[in-house]
Ligand code: PEP
Ligand code: MN
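Residue numbers (this note's numbering): 9 to 271.
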């Protein structure tokens, strides 16, 4: 169902009027994890000031260590909804359990399925049964074929509003947190009719690479870019090293010359 052979025209995923896949770049920013209302609101204010519409933030955090901050859960979803309503933004957040799907759709505009759950088939099936867009991230050890099959699981249940997100894969290279598989973007766009985004934060794990990676993503045909922004990354409860602060976000936006800004 997700194959280009089944449908030749591009799927456009509508998120409160933002048409992902319409040929324009769409940018998603927000903190790694929702920590407080004030924290999310300060990022939302910066996002809104740039004329952007999409906000991210993790409420359920699938952390490598069980002793690390696991997220605020439903309380985090409530904060996101409150901020989204106040600032007129759409929110994207990860859900890690099929049991939370029904609750989550009441608070979120887009359900994210994270890299660690790309082959959690019960979660994929649950995401296939909702009437909300799904942002599906590539598993860190998943082939492109496995990634496409994961999207197929969602669409097979009836939900065709899927955005694919390349977020880097595991290789022997240690200079970056993961290796951004940049050519996955055109391959996914050739093989499927779905929009494709690139997460430059989790793929690179390096602040100095966010801008060049975002430029590369858009140049190679990505429909959007996701990156993490935190008002005070030094005290962030997760991904402290690679989140941009608000000044860096401002600089990132000024230097990421979007096609619409290039005369
Ligand atoms: C995230 O986007 O918050 C996240 C945890 O990313 P990933 O699933 O790609 O590691
Ligand atoms: Mn993160």
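Glycine is no exception: its CB is placed at the ideal position from the N, C-alpha and C atoms.
Computed from a prediction, not measured in an experiment: that's the story for all the values here.
In the structure shown, residue 253 adopts coil according to DSSP, grouped into three states. Excluding its 5 nearest sequence neighbours in each direction, residue 29 has C-beta neighbours in its own chain below 7 Å: 18, 19, 20, 21, 203 and 231, listed in chain order. Judged by DSSP in its simplified three-state form, residue 211 adopts helix.
Taking non-hydrogen atoms of the ligand MN into account, the C-beta of residue 173 is found less than 7 Å away from none of them.
Measuring C-alpha to C-alpha distances from residue 80 to each of 215, 43 and 70 identifies 43 as the nearest. In the DSSP annotation of this structure, the continuous segment of the beta strand (DSSP E) that includes residue 234 starts and ends at 232-236. One residue list follows from the rule of a beta carbon closer than 5 Å to any heavy atom of the ligand MN, given in chain order as 40 and 247.
In the structure shown, residue 136 adopts helical secondary structure according to DSSP, grouped into three states. Using a cutoff of 7 Å, the CB of residue 178 does not count as near the ligand PEP, since none of the ligand's heavy atoms is closer than that. Distance from the CA atom of residue 95 to the CA atom of residue 262, rounded to whole angstroms, is 22 Å.
In this structure, the straight-line span from the alpha carbon of residue 50 to that of residue 221 is close to 25 Å. About 16 Å separates the Cβ atoms of residue 111 and residue 142, ruling out a contact at the 8 Å cut-off. Short note on residue 210: C-beta closer than 7 Å to some heavy atom of the ligand PEP.
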